[in-house]
Every structure is written in C-alpha cells, then in structure tokens.
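Note sheet for the following structure.
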Amino acid sequence: MVPRLIAALLLLGAFSPLPLSAQVEPSATTLGGYGEVHYANSSAAGVPGRVNLARFVLFVGHRFNDRITLRSEVEVEDAKVAGGESGGEIALEQAYLDFRVGDQFTLRAGLLLLPIGIINEMHEPPTFNGVSRPTFSEVVLPSTWRDIGVGALGSVPGVPGLGYRAFIVNGLLAQGFDGASGIRGGRQEGRDASFANPALTGRLEWSRAGLKLGGSAYYGGSANGDSTLGTGAFDAPITLIAADARYDIGAFAFRAEAANISVPDAGAINSVFGNGVGKRIAGWYAEGAYNLLRVLAPASAHKLNGFVRYERFNTQASVPPGTALDGALARRITTVGLTYKPVWNVALKADYQFRRDRAHAAEDEVVALGVGYQF
Amino acid sequence: MRRVLLLTLVALGIGAPAAMSQSAPPKKLAASLERIFGRGVRVDSIIADTAIVIRVHAGDALLGYAAVRNAMGKDQPITYLVAVDTALALLDVDVLVYREPYGGEVAYEPWRRQFRGKGPGDHLEVGREIRGISGATISVNAVTAGIRRALSDLAGWRKAGVL
Numbered sequence: 003m004v005p006r007l008i009a010a011l012l013l014l015g016a017f018s019p020l021p022l023s024a025q026v027e028p029s030a031t032t033l034g035g036y037g038e039v040h041y042a043n044s045s046a047a048g049v050p051g052r053v054n055l056a057r058f059v060l061f062v063g064h065r066f067n068d069r070i071t072l073r074s075e076v077e078v079e080d081a082k083v084a085g086g087e088s089g090g091e092i093a094l095e096q097a098y099l100d101f102r103v104g105d106q107f108t109l110r111a112g113l114l115l116l117p118i119g120i121i122n123e124m125h126e127p128p129t130f131n132g133v134s135r136p137t138f139s140e141v142v143l144p145s146t147w148r149d150i151g152v153g154a155l156g157s158v159p160g161v162p163g164l165g166y167r168a169f170i171v172n173g174l175l176a177q178g179f180d181g182a183s184g185i186r187g188g189r190q191e192g193r194d195a196s197f198a199n200p201a202l203t204g205r206l207e208w209s210r211a212g213l214k215l216g217g218s219a220y221y222g223g224s225a226n227g228d229s230t231l232g233t234g235a236f237d238a239p240i241t242l243i244a245a246d247a248r249y250d251i252g253a254f255a256f257r258a259e260a261a262n263i264s265v266p267d268a269g270a271i272n273s274v275f276g277n278g279v280g281k282r283i284a285g286w287y288a289e290g291a292y293n294l295l296r297v298l299a300p301a302s303a304h305k306l307n308g309f310v311r312y313e314r315f316n317t318q319a320s321v322p323p324g325t326a327l328d329g330a331l332a333r334r335i336t337t338v339g340l341t342y343k344p345v346w347n348v349a350l351k352a353d354y355q356f357r358r359d360r361a362h363a364a365e366d367e368v369v370a371l372g373v374g375y376q377f
Numbered sequence: 002m003r004r005v006l007l008l009t010l011v012a013l014g015i016g017a018p019a020a021m022s023q024s025a026p027p028k029k030l031a032a033s034l035e036r037i038f039g040r041g042v043r044v045d046s047i048i049a050d051t052a053i054v055i056r057v058h059a060g061d062a063l064l065g066y067a068a069v070r071n072a073m074g075k076d077q078p079i080t081y082l083v084a085v086d087t088a089l090a091l092l093d094v095d096v097l098v099y100r101e102p103y104g105g106e107v108a109y110e111p112w113r114r115q116f117r118g119k120g121p122g123d124h125l126e127v128g129r130e131i132r133g134i135s136g137a138t139i140s141v142n143a144v145t146a147g148i149r150r151a152l153s154d155l156a157g158w159r160k161a162g163v164l
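Each protein sequence line maps, in turn, to chains C and G. In this text, residue positions in the first sequence follow this note's numbering: the first is 3, and each later residue adds one. In this text, residue positions in the second sequence follow this note's numbering: the first is 2, and each later residue adds one.
Below is the structure:
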C-alpha cells in the first residue's frame, strides 16, 4: 500500500524540492537594535534641564542551524565614552548561545539577562510607557541585570501557557551595595568577575490572550570570600522574590510589579563596607494606560497611550541595628504621560513625574520628553 | 493510518526530513492535519505560484486546504500551518516550529482560537480583531500578518481557478 503510494507520487513528480515560500534558510545572521533619547528638567532650584542619548544598542543574532543560535547586544550608554572623563559606557548587554532541544527545553549559556520582573528581559523603549523605565526597575530590581550563567528555558508540558526559565549565574558582590540603590552596585556583569558566589534564579510565566502573570526568584551569596562575611558559596545571601502582571483589554493596558529583597547579613556587610544597605528592600508599582485614539480617531492604527503610574518603594524598608535609617529612601513617584506610537516599534514620549519621599528631603517634579525605537 | 499520511507528506516534499528540519517536521504536520480535519484523512497537493497547497480529503470528499508557511519573528522564522474549509473559512492555525526564546505564547490554543472562522475578507488587526500577548508583540504581529497573507493568497488562487 505504502510503496505503491510513493511510486504513484514519484510518477506525479511530487518529490520536487520544497517551494521557496515554505523554506527556511539553514543559517542566517540577523541585525536589530533599539535606542532612546531623553530630555528631562527637574523643578528643583538651580538644576538645569538635561538631554541624553541614553541608549544605543545593536543586536546581532546568528542561526548556526535550526537548533543552535547566538544572540548578542552591544550597548553604548550616554552616547560616548571618552578617555579620562567619567560617564558613558560601552558594554555587552547579552551574548549567549541557545541550544534548542525542543519546545520544552532550550539550553542557554553565556552572558544572559536574569529572568526577573517585566523590564529586565524586555526593555526596548516602545514596550513600556514613560520616558525612562520605572524607577522601581532601576533601584529595586536592578535592570538591566545580566551576568554569566547557564541554564534552561521552555514550556511546561501539560500546562498550556506556562513557561519556565532557570539559570545558575554569577552572583552579586556585597561591597557594591548601598542604601540608595540597594543591590544594584553589586552586579558584576561578566567583566573578568569573581566567581566566589554563584546564584540560582528562575521564573515561571503564565499567559492567556491579553494576560500574562509572572513570578521570579533569586538566591545567591555575596560575601566574595571576605573573612568577616564568610568564605562559603552562599554566605551573605540575597533572597529576592518578585511578581508581575500584565493585562490588556480593548484600548486599556494594565501592568504591575512587586518585589521583596532580603539581605539578612546587612549588619555585617555594613560593618565591613560601611555602605548602609537595607536589611530589606521592597516596593511595587501599578500602571494603567488607555489608547486615546480609540476615541479620537477610531479608524487609526496608531496608538496614543495616556497613562498613570504609581510607584512606592523603599531601599531601606528595614535596616540592621547600627545602620542609620534615611527617610529620603522611602520614595513615592507618580508619573502621568503620553506615549505616541505611529507604528508598534517607534515611540514618542512625554511625561510628568511627582517625586516624593518620607523625609521630604529630595522632592521635586520632573518633565521629560523622549523618543525610542526598536527593530 | 497516521503512517500513510506521514509518508505522503514526506513524499510531497511538505514535511522536511528530521535531519534537516528547516521546515515542519512531517510527524508534527501529520498530527496537526489529523487534529484539525479528523483521523484517516488523505492528502495531495497542488502548486500555486511557487507555494504548495495541501488538499485534504476524507474518502472522495474534499474537506479543505492547508498551507505551511514561515513568518519572521525577532530573529528566527516561525513555521505555522493555516487550515481552511472549502469556503476558505479558517478552521485552525497551528504553530509547528517555534524557534525563539520569547513569544512562544503564539502557539497556545487560547490565542490561536481567535482566528477560527475568519476569512479572506476579515481585517485581522492586532489590538482590534486579534488580542495581543504582552511580551510577545513581535511574534503576534508576524503570525497575524502571515495568516492574513495566507488567506488572501488562497482567495486569489481560488479566483484564478487554481484551487
């Protein structure tokens, strides 16, 4: 039966090569990128406005075959790095190899983005409202958080819509922590780094049309073999949990994130390095947006999102005995603004921020304008 | 029966051998066609322009058509199947191979089922007729545009008398 069928097909000339429209090039190199330019002006007295080419990123991907791919991003921050002047940065934001075994399992190794929160893995400017990323996503969750590591990602079999990522990455360094920006300064980012403290990190993500829920976790030491903090791999541990949600319905889009970071050895860390890191770093934000063109120009495919975001976080939600509590670090930021997208991957942005803190020490209002793109 | 379908697909050059796997693995394609059209279906193919259109039969009755296509995601092609009935109403979409690390939610049934019953006359615009997925914007746009194009191609071939 089968040989006869094949013979018949042969006669019909059915063994012709696959037509072009259904073919995939066996190997190919892809170029992409994203960038953003900012203008910001604070209401604080004597502070002039600033303009900055905040990011210019080039993406180069290569498919070696149907299973092995490379992805890399080279980033220039603040437009230029000049000899002897501070500021500016040229850095690899990611550079990793993926080995796709199947839908349930892809092996990843290299300089990778930690799967924590919304912004860290997905921060192309047209994907978020506001000229700058939420301050929560810089100060509490230190995006862009990347490091060298290895792990796996894929979909969870038997649970439609559920995906996972799990990696072992190089850990943080306690000496870089501080009161105002928490664990941010402890990132090593793959630069000829100490590997005294590995860390485990992972994320579960569940999707339906319009809805995405995520939960992330991180656990790793930060002692770096310090004689006071400990020489064990998980000494001076950092424990992070975070949750996020995104929901789009009609012309509305909502998102929210929350995170809690525990630094149980903050007292010892501060006694060694004097950096005032909180024992607990915590916060959240929630944002609602509405595409105004749905009312103003219902036929238009452009988008004009009006949005409001409220952030509340404290990098010293608790401090160990002996560490001074700074009330200015309990911050509340309200941002209202507009994002205009003539196409889905180009955004023109304007927003106004009200920045408040418990000590009323560093309060101001900031007007900001920006453009961003990705391709 | 699955085996006959499988061999036919391989013979037709529609499913690529696993070693190459640049296109749809024939096993996945056969399973997808049986899921959408029912078990025991028979296929043959016609060439329209440079594309293969799979014709799906049960006995002597023509049930509909299917086409395997690729849409470019962020940096990888997404291989998907579009299946329509004889009136070119969309029966279902299947993502046969998804190669990128993010945006794989386009393969999930709750998103794909929005396309059922749509036809060449429908606009299929993301954010209106088709709900997007947060964090999968590129894939959602690519697959939706691809489906729109496939339906329009099928309608064109029907008009030209090829189907």
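Even glycine gets a Cβ: it sits at the ideal position worked out from N, Cα and C. Note that the coordinates shown come from a computational prediction; the quantities given were computed from them, not determined experimentally.
(message) If you reduce the DSSP assignment to three classes, tell me which class C:S320 lands in.
(response) Counting from one through the first sequence, the residue named residue 320 of chain C turns up at place 318. Of the three classes helix, strand and coil, the one that applies to C:S320 here is strand, per DSSP.
(message) Suppose the cutoff is 6 Å on Cβ atoms and the five residues either side in sequence are ignored; what does the same chain contact list for C:L55 look like?
(response) Against the first sequence, residue 55 of chain C aligns to sequence position 53. Answer for C:L55: V39, A81, listed in chain order.
(request) Go to G:P78, then tell me how far its beta strand (DSSP E) extends in each direction, as first and last residue. (result) Looking up residue 78 of chain G in the second sequence gives position 77. From DSSP, the beta strand (DSSP E) with G:P78 extends over 78-86.
(request) Compare the Cα-Cα distances from C:D250 to each of G:W158, G:S135, G:I139 and report the closest residue. (result) Here residue 250 of chain C is taken as the residue at index 248 of the first sequence, counted from 1. With distances taken between Cα atoms, C:D250 lies closest to G:S135.
(request) Could you give the DSSP three-state label for G:I134: helix, strand or coil? (result) For this step, residue 134 of chain G is matched to residue 133 along the second sequence. The answer is coil: DSSP assigns G:I134 none of H, G, I, E or B.
(message) I want to verify the contact list: residues of chain D whose CB lies under 9 Å from the CB of C:D250, in sequence order.
(response) No chain D is part of this structure, whose protein chains are labelled C and G.
(request) Counting only the same chain and skipping the five closest in sequence on each side, list residues whose C-beta sits under 6 Å from that of C:F58. (result) Taking the first residue of the first sequence as position 1, residue 58 of chain C is located at position 56. For C:F58, where only same-chain residues beyond five positions count, the Cβ hits under 6 Å are G37, V78.
(request) Kindly indicate if chain G contains any beta-carbon less than 7 Å away from that of C:S74. (result) If you number the first sequence from 1, residue 74 of chain C lands on position 72. By this cut-off, C:S74 is not an interface position.
(request) Output the distance between the C-alpha atoms of G:I148 and C:G89, rounded to the nearest integer angstrom. (result) Numbered from 1 along the second sequence, position 147 holds the residue referred to as residue 148 of chain G. Numbered from 1 along the first sequence, position 87 holds the residue referred to as residue 89 of chain C. G:I148 and C:G89: Cα-Cα distance of roughly 47 Å.
(message) When you compare the CB of C:R314 with every CB in chain G, is at least one pair closer than 7 Å?
(response) Walking along the first sequence from the start, residue 314 of chain C turns up at place 312. False, the Cβ-Cβ gap to chain G never drops below 7 Å.
(message) Between G:E101 and the ligand MN, is there a pair consisting of the residue's CB and a ligand heavy atom that are separated by less than 6 Å?
(response) By its list of ligands, the structure shown contains no ligand whatsoever, and the ligand MN lies outside what it can speak to.
(request) Identify each residue in the stretch 42-65 of chain C for which the Cβ-Cβ distance to at least one residue of chain G is less than 7 Å, and report them in chain order. (result) G63, R65
(message) Check whether chain G comes within 7 Å of C:Y375, counting only Cβ atoms and requiring the distance to be less than that.
(response) Translated into positions along the first sequence, residue 375 of chain C becomes position 373. Output row for C:Y375: interface = no.
(request) Taking C:A319 and C:G280 to be in contact with their CB atoms under 8 Å, please state how far apart those CB atoms are, rounded to whole angstroms. (result) For the purposes of this step, residue 319 of chain C is identified with residue 317 of the first sequence, where counting begins at 1. For the purposes of this step, residue 280 of chain C is identified with residue 278 of the first sequence, where counting begins at 1. Right, the Cβ-Cβ distance comes to about 6 Å (below 8 Å), so this counts as a contact.
(message) I need the straight-line Cα distance from C:R334 to C:N277, nearest angstrom please.
(response) Within the first sequence, residue 334 of chain C is the residue found at index 332, counting from 1. Within the first sequence, residue 277 of chain C is the residue found at index 275, counting from 1. Their backbone Cα atoms lie some 23 Å apart in a straight line.
(request) Under 9 Å between beta-carbons, which chain G residues line up against C:A303? List them in chain order, please. (result) In the first sequence, residue 303 of chain C corresponds to position 301, counting from 1. Those within 9 Å of C:A303 in chain G are E126, G128, R129.
(message) For C:W346, list the residues DSSP reports as bridge partners.
(response) Along the first sequence, one-based indexing puts residue 346 of chain C at 344. Bridge partners of C:W346: none, in fact.
(message) With the cut-off set at 7 Å, would you say G:T138 and G:L125 are in Cβ contact?
(response) For the purposes of this step, residue 138 of chain G is taken as the residue at position 137 of the second sequence. For the purposes of this step, residue 125 of chain G is taken as the residue at position 124 of the second sequence. Going by C-beta atoms, G:T138 is not nearer than 7 Å to G:L125.
(request) Just tell me which of C:I121, C:E126, C:L94, C:R65 has its CA closest to the CA of C:Y375. (result) Position 373 of the first sequence, counted from the first residue, corresponds to residue 375 of chain C. Cα-wise, what sits closest to C:Y375 is C:E126.
(request) Find the residues of chain C that neighbour G:W1, judging by a C-beta separation of less than 7 Å, and give them in chain order. (result) No answer is possible for residue 1 of chain G: the residues shown for chain G start at 2 and end at 164.
(request) Give me the Cα-Cα distance between C:G234 and C:N272, rounded to the nearest whole angstrom. (result) As a first step, residue 234 of chain C is located in the first sequence; it is residue number 232 there, counting from the start. As a first step, residue 272 of chain C is located in the first sequence; it is residue number 270 there, counting from the start. Taking the straight line from one Cα to the other gives about 19 Å.
(message) Please tell me whether C:G173 and C:A154 are closer than 7 Å, where the distance is taken between their beta carbons.
(response) Translated into positions along the first sequence, residue 173 of chain C becomes position 171. Translated into positions along the first sequence, residue 154 of chain C becomes position 152. No, they are not a contact pair.
(request) Under 9 Å between beta-carbons, which chain G residues line up against C:K214? List them in chain order, please. (result) Taking the first sequence and counting its residues from 1, one reaches residue 214 of chain C at position 212. Simply E106, I134, S135, G136, A137.
(message) Under DSSP, the alpha helix (DSSP H) around C:P50 begins and ends at which residues?
(response) Within the first sequence, numbered from 1, the residue matching residue 50 of chain C stands at position 48. Looking at the DSSP string, C:P50 is not in any alpha helix (DSSP H), and its letter there is neither H nor E.
(message) Cutting at 6 Å between CB atoms, please list the residues of its own chain near G:I1, excluding the five before and the five after it.
(response) Chain G is shown only over 2 to 164; residue 1 of chain G falls outside these bounds and no answer can be derived.
(request) Can you tell me the Cβ-Cβ gap for C:N131 and C:G339, rounded? I've got them flagged as a contact below 8 Å. (result) If you number the first sequence from 1, residue 131 of chain C lands on position 129. If you number the first sequence from 1, residue 339 of chain C lands on position 337. Contact holds; Cβ gap of about 7 Å.
(message) On a Cα-Cα basis, can you pick out the residue from C:L327, C:P136, C:A330, C:V348 that is closest to C:K305?
(response) Within the first sequence, residue 305 of chain C is the residue found at index 303, counting from 1. Out of C:L327, C:P136, C:A330, C:V348, C:V348 has the C-alpha closest to the C-alpha of C:K305.
(request) Express the C-alpha separation of C:G181 and G:P78 in angstroms, rounding to a whole number. (result) Here residue 78 of chain G is taken as the residue at index 77 of the second sequence, counted from 1. Here residue 181 of chain C is taken as the residue at index 179 of the first sequence, counted from 1. Distance between the alpha carbons of G:P78 and C:G181 is about 46 Å.
(message) What ranges does the alpha helix (DSSP H) occupy inside the stretch 80-166 of chain C, keeping only unbroken runs of at least 4 residues that lie completely in it?
(response) 138-141
(request) Return the chain-ordered list of same chain residues with a C-beta closer than 6 Å to the C-beta of C:S45, the five sequence neighbours on each side being excluded. (result) Within the first sequence, the letter at position 43 stands for residue 45 of chain C. Cβ within range, chain order: D366, E367.
(request) On a CA-only basis, which of C:V265, C:R52, C:G119, C:L94 is nearest C:S145? Give me that one, please. (result) The residue labelled residue 145 of chain C in the question sits at position 143 within the first sequence. With distances taken between Cα atoms, C:S145 lies closest to C:G119.
(request) Assign C:N277 to one of three DSSP states: helix, strand, or coil. (result) On the first sequence, residue 277 of chain C is found 275 positions in, with the first residue counted as 1. Here C:N277 sits in coil by DSSP.
(message) On a Cα-Cα basis, can you pick out the residue from G:Y109, G:K75, G:S33, G:R3 that is closest to G:L82?
(response) Translated into positions along the second sequence, residue 82 of chain G becomes position 81. It is G:S33 whose Cα lies nearest to the Cα of G:L82.
(request) Identify which residue in C:A84, C:Q106, C:A361, C:G184 has its Cα closest to the Cα of C:L164. (result) Taking the first sequence and counting its residues from 1, one reaches residue 164 of chain C at position 162. Answer by Cα proximity: C:Q106.
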